[in-house]
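Engineer: Please see the structure below; I have some questions.
2 protein chains.
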Amino acid sequence: MRESAAIARALEEFERLPGIGPKSAQRIVFWLLNNEESAAHRLADAIREVKDLVHFCPRCFNYAEDELCAQCSNTDRDTSVICVVEEPRDIGSIERTGRFKGLYHVLGGVISPMDGIGPDELHIRELIGRLVDGSVQEVLVATNSNVEGETTAIYLSRIIKPLGVRVTRLASGIPVGSDLEFADEVTLARAIEGRLDL
Amino acid sequence: MRESAAIARALEEFERLPGIGPKSAQRIVFWLLNNEESAAHRLADAIREVKDLVHFCPRCFNYAEDELCAQCSNTDRDTSVICVVEEPRDIGSIERTGRFKGLYHVLGGVISPMDGIGPDELHIRELIGRLVDGSVQEVLVATNSNVEGETTAIYLSRIIKPLGVRVTRLASGIPVGSDLEFADEVTLARAIEGRLDL
Chain A
165 MRESAAIARA LEEFERLPGI GPKSAQRIVF WLLNNEESAA HRLADAIREV
215 KDLVHFCPRC FNYAEDELCA QCSNTDRDTS VICVVEEPRD IGSIERTGRF
265 KGLYHVLGGV ISPMDGIGPD ELHIRELIGR LVDGSVQEVL VATNSNVEGE
315 TTAIYLSRII KPLGVRVTRL ASGIPVGSDL EFADEVTLAR AIEGRLDL
Chain B
165 MRESAAIARA LEEFERLPGI GPKSAQRIVF WLLNNEESAA HRLADAIREV
215 KDLVHFCPRC FNYAEDELCA QCSNTDRDTS VICVVEEPRD IGSIERTGRF
265 KGLYHVLGGV ISPMDGIGPD ELHIRELIGR LVDGSVQEVL VATNSNVEGE
315 TTAIYLSRII KPLGVRVTRL ASGIPVGSDL EFADEVTLAR AIEGRLDL
């Protein structure tokens with residue numbers, strides 16, 4: 165008599181996901197209905213599993229399946245440098261470069277007075293806690309290159325430098341492979357300020 | 165030591181879905197990880213449920229949760245007309261117009277020699293079976309307005325008309341709210357051929 169309640173519910177749950185509108189949700193649900201049963205069950209299990217098994221690393225607040233995250237539990241990493249990022253996904257971006265071998269610390273956001281997020285809402289106290297034993301010599305701040313990211317970087321440098329720890333920031337400049345004519349003047353100004361000897 | 169296997173598996177399963185690439189999958193999985201546990205569990209349950217509860221209506225091949233689908237089990241529908249569609253999702257499009265009160269029949273595709281799909285691969289035999297008792301007076305063919313859809317419509321009209329059943333087709337023409345200048349010549353020609361008295 166009625167439309168399928170199960171389809172309606174699946175559509176509703178998919179539409180909640182970021183970037184999924186009604187059309188995408190419908191396409192996915194019909195795809196699941198047309199595919200073999202195992203495809204839907206595998207997806208459902210993967211969702212349950214990722215939520216049940218993954219938690220925050222108590223040291224750096226990255227996602228972790230074991231007690232500590234992949235980087236914190238890796239004894240081959242350089243423990244003298246900590247890269248500070250906004251979100252766990254940023255760790256993946258940096259890891260893919262293969263150029264950073266230190267540890268990480270996830271803030272869980274950035275200082276944003278507009279959104280009511282101050283230093284106390286971020287994992288800054290825990291970061292300071294990791295610096296007190298003197299083993300960390302450098303904190304590389306890899307927050308995003310926008311107002312909030314810069315503000316957070318400056319805040320961190322002000323409270324960390326007094327502890328005798330070097331604070332660095334990712335370089336700003338022209339994206340590799342990009343033309344000068346497409347660079348905005350702020351980026352170009354940064355690229356000039358940060359020019360390197362060849 | 166390793167990256168989270170659960171995250172990798174969830175990413176992989178989401179990337180399998182239509183319209184979901186690596187970036188969207190990552191956005192969704194991180195959204196699930198950042199949200200309360202119930203959101204992920206509700207989604208996982210909805211996926212299992214839609215696949216476990218929904219099957220094909222044995223009469224019209226629409227999706228159904230009960231024995232028959234919503235339309236076939238509705239005794240208020242006009243049983244003298246059957247609208248033939250390619251896929252179950254097309255039924256939703258037609259239902260939303262509120263202009264069709266008859267029954268449906270889902271072909272499960274269209275005749276497409278290029279893809280090796282002939283009449284025997286579609287639910288055409290079952291459609292003919294629904295016409296033999298003489299209660300159906302009209303078959304409205306609502307396949308898509310492309311080569312395969314038109315071919316299928318012509319094929320159906322050739323085999324159904326000899327049974328003494330009227331075969332109709334959705335009108336082609338200018339989309340409502342659209343400008344003439346954007347209509348292609350084939351659509352415009354169809355709109356002229358199908359012109360109505362005012």
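For the record, the sequence lines run as chains A and B. For the first sequence, position 117 (counting from the first letter as 1) is numbered 281 according to this note's numbering, and the numbering increases by one without interruption. For the second sequence, position 99 (counting from the first letter as 1) is numbered 263 according to this note's numbering, and the numbering increases by one without interruption. Cβ coordinates follow ideal geometry from the N, Cα and C atoms, glycine included. Since we're looking at a predicted model, the values are computed, not measured.
1. Between Ala174/B and chain A, is the shortest Cβ-Cβ distance under 7 Å, so that the two count as touching?
2. Is Phe220/B helix, strand or coil when you go by DSSP?
3. Quick one: which chain A residues come within Cβ less than 8 Å of Leu267/B?
4. Can you give the beta carbon distance from Val249/A to Ala306/A, rounded, assuming they're within the 8 Å contact cut?
5. What are the residues in the region 190 to 215 of chain A lying within 8 Å of chain B by C-beta distance?
6. Using a cut-off of 8 Å between C-beta atoms, extract the partners of Gly183/A located in chain B.
7. Nearest by alpha-carbon distance to Phe178/B: which of Glu200/B, Asn198/B, Ala208/B, Glu201/B is it?
8. Using the C-alpha atoms, what's the distance from Val303/B back to Lys325/B?
9. Restricting to Cα atoms, I'd like to know which of Glu201/B, Thr261/B, His205/B, Cys247/B is closest to Arg173/A.
10. Could you tell me if Pro182/B is buried or exposed, where buried requires 16 or more neighbouring beta carbons within 10 angstroms of its beta carbon?
11. If you measure from the CB of Val193/A, is any heavy atom of the ligand FMN nearer than 6 Å?
12. Beta-carbon within less than 8 Å of Ser202/B's beta-carbon, same chain only, minus the 5 sequence neighbours each way: which residues are those?
13. Between Asp242/A and Gly337/A, what straight-line distance do the alpha-carbon atoms span, to the nearest angstrom?
14. Can you look up His287/B in the DSSP assignment and give me helix, strand or coil?
15. Would you kindly check if the distance between the Cβ of Gly272/B and the Cβ of Leu291/B is under 7 Å?
16. So, helix, strand or coil for Ala228/B, using DSSP?
17. Rank Cys247/B, Glu200/B, Ile318/B by C-alpha distance to the C-alpha of Arg263/B and give the top, closest one.
18. Determine the chain A residues that contact Arg253/B at a beta-carbon separation under 7 Å, and present them in chain order.
19. Suppose contacts are defined by Cβ-Cβ distances below 7 Å. Is Ser342/A in contact with Val218/B by that definition?
20. What do you get for Asn226/A, buried or exposed, if any count of 16 or more other CB atoms within 10 angstroms of its CB means buried?
21. Quick one: using the 10 Å Cβ neighbour count with 16 as the cut-off for buried, is Phe346/A buried or exposed?
22. Measuring CB to CB, does Val329/B end up less than 7 Å from Leu352/B?
23. Whole-angstrom Cβ separation of Glu251/B and Ile275/B, contact assumed at under 8 Å?
24. How long is the line joining the alpha carbons of Gly282/B and Gln235/B, rounded to whole angstroms?
25. Tell whether a beta-carbon distance below 7 Å holds between Ala170/B and Glu213/A.
26. Jot down the residue ranges of each uninterrupted beta strand (DSSP E) in the region 259 to 331 of chain B, minimum 3 residues, whole runs only, in chain order.
27. Buried or exposed for Arg260/A, please, with buried defined as at least 16 other CB atoms from any protein chain shown within 10 angstroms of its CB.
28. Please determine, among Glu200/A, Asn198/A, Tyr268/A, Asn199/A, the residue with the shortest C-alpha to C-alpha distance to Leu232/A.
29. Between which two residues does the beta strand (DSSP E) containing Ile184/A stretch?
30. When the Cα atoms are used, what is the spatial distance from Leu344/A to Glu357/B?
31. So, is the C-beta of Leu304/A closer than 7 Å to a C-beta in chain B?
32. Is it the case that the Cβ atoms of Cys221/B and Ala210/B are separated by a distance below 7 Å?
33. Which residues mark the beginning and the end of the alpha helix (DSSP H) in which Ile356/A is found?
34. Along the beta strand (DSSP E) that carries Cys247/B, what are the first and last residues, could you check?
35. Looking only at its own chain, which residues have a Cβ that is under 6 Å from the Cβ of Pro339/A, when we skip the five neighbours before and after it?
36. How many angstroms separate the CA atom of Arg333/A from the CA atom of Ser188/B?
Structural biologist: Here's the rundown:
1. yes
2. strand
3. Going along chain A, no residue has its Cβ under 8 Å from Leu267/B, so there is no contact; the nearest lies around 14 Å.
4. 5 Å
5. Gln190, Arg191, Ile192, Val193, Phe194, Trp195, Leu196, Leu197, Glu201, Ala203, Ala204, His205, Arg206, Leu207, Ala208, Asp209, Ala210, Ile211, Arg212, Glu213, Val214, Lys215
6. Ser188, Arg191, Ile192
7. Ala208/B
8. 9 Å
9. His205/B
10. exposed
11. As presented, the structure is devoid of all ligands, the ligand FMN included, so that no description of it is given.
12. none
13. 27 Å
14. coil
15. no
16. strand
17. Cys247/B
18. Gln190, Phe194
19. no
20. buried
21. exposed
22. no
23. So it is not a contact: roughly 14 Å between Cβ atoms.
24. 27 Å
25. yes
26. 266 to 270, 302 to 305
27. exposed
28. Tyr268/A
29. Counting along the chain, Ile184/A falls outside any beta strand (DSSP E), and DSSP gives it neither H nor E.
30. 56 Å
31. no
32. no
33. 349 to 357
34. 242 to 249
35. none
36. 28 Å
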